[in-house]
Amino acid sequence: MAGEATLPAMPGIPGVNKGVAAKLAKIGLRSNEDLALHLPLRFEDETAITPIAAALPGVSVQCEVTVVSCDITYRPRRQLVARVRDDSGVLVLRFLNFYPSQQKQLKAGAHLRVFGEVRGGFLGAEMVHPRCQRVDDNEPLPQTLTPVYPTTAGVGQGTMRRLVEKALKVANLAETLPAAILQKHKLAPFAESIQLLHQPPPAEFGESLDRVQQQAWQRVRFDELLAQQISLRRAYI
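The sequence shown begins at 1 in the working numbering and counts up one residue at a time.
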């Protein structure tokens, strides 16, 4: 909306309009530093494409597909059903709640990347409420895992990811501990740890992800524990 651009920005988060800033404040995000320290709940792997025929039931995958058809059906309830295909097979995308913009996105011939859990359905393999993105031919894949953040009503994952990514570039993540303490406790640098917790390399996805992030989590938890102890000491002074 044209009027939205004139809303005042929230202090500390340049470019965030008043409405979004109020929603972020509800979950304690009031600055770029808050956003940079707003760590993901989990990750999804959008760095690879899985052929439809190779998708296993119960496993979340990303497929690159072309829409064959898209219709609103009314059995057993109103829903949007799209049939998509790649060179290996056909997949059904099912949306029990949808918007006109989604129906437009799924028009026949559209080239998409869809991410979701594959399961068996009445019409064959299907994804229910997958994440869909229109892409051009030869669109490059992400180079890092996709974080899933705690969020709030009115702030979607896409918005949160963009805000956090921007915050990581400008937030003050200066080292908080002396070099002697880092060396004594074998702690990783603060900024490097935060970056790794947001954007782990795709090669480390899966069972090894926790091992790769262990040092980063150790650093963050050390700082949290230190801050807690300092607060307790000050309370007794």
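C-beta atoms are modelled at their ideal positions from N, C-alpha and C, and glycine is treated no differently. Being a predicted model, the structure only gives us computed values, none of them experimental.
Spell out the partners DSSP gives residue i in its beta bridges.
i	result
E224	DSSP output for E224 lists no bridge partner at all.
M127	L93 and V118
V84	V67 and L91
S60	E117
P147	F43
L112	V65 and R134
I72	L80
T152	V155
Exposed or buried, which one is residue i when buried takes at least 16 other CB atoms within 10 Å?
i	result
Q229	exposed
T50	buried
I13	buried
P200	buried
I194	buried
T146	buried
Q214	exposed
Taking just the CA atoms, how far does residue j sit from residue i?
i	j	result
R128	R83	According to the sequence shown, residue 128 is Val rather than Arg. Cα to Cα, the separation comes out at about 12 Å.
Q102	K26	29 Å
R219	A21	29 Å
L37	R75	45 Å
G154	Q183	43 Å
R161	P150	11 Å
Return the chain-ordered list of same chain residues with a C-beta closer than 6 Å to the C-beta of residue i, the five sequence neighbours on each side being excluded.
i	result
L35	L29, L163, V164 and A167
G156	none
K104	none
R234	none
Between the beta-carbon of residue i and the beta-carbon of residue j, is there less than 8 Å?
i	j	result
G109	T66	yes
P57	G120	yes
F95	L112	no
V114	C63	yes
V118	V68	no
Within a Cβ cutoff of 8 Å, which residues of the same chain sit near residue i, ignoring the five residues on either side of it in sequence?
i	result
A9	Residue placement at A9 cannot be trusted, given a pLDDT of 42 that sits under 50; the coordinates are not used to answer.
V135	E64, H111, L112 and R113
Using C-beta distances below 7 Å, list every residue in its chain close to residue i, excluding the 5 sequence neighbours before and after it, in chain order.
i	result
F98	L80
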